[in-house]
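Some notes on the structure that comes next.
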């Protein structure tokens with residue numbers, strides 16, 4: 001899908017302009033529509049226009065990847081307890097600042113055999129507006145925090161908010177990372193009620209799905225508790241993202 005969307009848009013605009021003889025408002029309309037398409041491509045990581053991202057595993061096996069963003073936090077402990085209880089592994093995309101704030105929890109994630117991913121150092125709300133140099137520094141700074149705290153480096157990277165653009169693409173290339181997306185978005189940061197989040201997830205789960213969650217709130221731990229029971233009942237297992245690219249961790 002990487003370029004098809006823009007090719008179709010380009011062809012449509014040419015036909016549209018030709019059909020209406022290139023009037024001023026036709027050009028305005030095309031510009032607005034083009035801007036909307038670019039914004040869509042920036043915020044929907046599944047489109048893979050600016051960055052090729054892994055969004056799922058191609059498999060018929062009943063297995064999914066549970067991924068947690070924005071930790072570690074005090075709620076990560078509960079997440080780890082639940083995963084340990086069910087003997088399942090997950091992937092944690094950690095923020096550098098949080099790694100420094102909760103070093104023991106970060107080390108526990110590693111010691112219990114879960115996979116680590118880079119989620120930038122500060123998770124800036126201005127991520128989409130940062131220069132390539134600034135984004136590169138965000139990624140490297142997070143790497144440094146992980147090495148200092150857990151003696152580990154990861155090739156996995158998930159863009160904050162799932163935002164991608166040319167500058168972020170350059171930063172990913174410069175740091176040698178592999179971008180990781182998802183195809184099941186829980187919306188657990190914007191949905192208030194745990195049952196609604198749970199229903200959204202189980203409705204969308206398919207073999208190979210990558211589920212996006214956040215280990216940042218009690219409601220997500222409640223969702224996870226029910227979700228793990230659902231997976232057990234439906235005989236689903238979990239896989240970790242490193243199994244898709246076989247990264248080399250440096251201990």
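Numbering (the UniProt record's numbering), first residue to last: 1 to 251.
Note that beta-carbon positions come from the ideal geometry of N, C-alpha and C, so glycine has one too.
As the structure is a computational prediction, the values presented were derived from the model and not from experiment.
Around the Cβ of residue 118, a 10 Å sphere holds 16 or more other Cβ atoms; the residue is buried. Residue 165 and residue 50 do touch by the CB rule: their CB atoms are close to 5 angstroms apart, below 8 angstroms.
With fewer than 16 other Cβ atoms inside 10 Å of its own Cβ, residue 193 counts as exposed. The shortest CA-to-CA distance from residue 99 to any of 76, 197, 112 and 232 is the one to 76. Put simply, the backbone Cα of residue 116 is about 9 angstroms away from that of residue 90. Around the Cβ of residue 106, a 10 Å sphere holds 16 or more other Cβ atoms; the residue is buried.
In this structure, 221 is the residue among 221, 207 and 206 with its C-alpha nearest to the C-alpha of residue 213.
Under the DSSP definition of a beta bridge, residue 193 lacks any partner. For residue 111, there is no enclosing beta strand (DSSP E); the residue is part of the alpha helix (DSSP H) that begins and ends at 103-111.
The C-alpha of residue 232 is placed about 19 angstroms away from the C-alpha of residue 186.
Here residue 213 is bridged, per DSSP, to 68. Per DSSP, reduced to three states, the secondary structure at residue 141 is helical. Contact between residue 178 and residue 54 holds, since their C-beta atoms are separated by about 7 angstroms, short of 8 angstroms. Residue environment for residue 81: exposed (fewer than 16 other C-beta atoms within 10 angstroms of its C-beta).
Going by beta carbons, residue 97 and residue 122 fall inside the 8 angstroms limit.
Looking at the DSSP output, residue 53 bridges to 179. Residue 65 sits away from residue 223, with the two beta carbons spaced by 8 angstroms or more. For residue 221, the enclosing alpha helix (DSSP H) stretches over residues 218-233. By the Cβ-count criterion, residue 195 is exposed, with fewer than 16 other Cβ atoms from all chains shown falling within 10 Å of its own Cβ. Counting other Cβ atoms within 10 Å of its Cβ, residue 147 stays below 16 and is therefore classed as exposed. Taking a C-beta distance under 8 angstroms as the contact criterion, residue 184 and residue 205 qualify as a contact pair. Beta-bridge analysis with DSSP links residue 158 to no other residue.
By the criterion of a C-beta distance shorter than 8 angstroms, residue 113 is surrounded in its chain by 89, once the five residues flanking it on both sides are discounted.
Counted as a single uninterrupted DSSP element, the beta strand (DSSP E) harbouring residue 115 occupies residues 115-118.
Selection 171, 60 and 150 evaluated against residue 138 yields 171 as nearest (Cα-Cα). DSSP places residue 129 in the helix class (H, G or I) of the three-state scheme. In the structure shown, residue 237 adopts extended strand secondary structure according to DSSP, grouped into three states.
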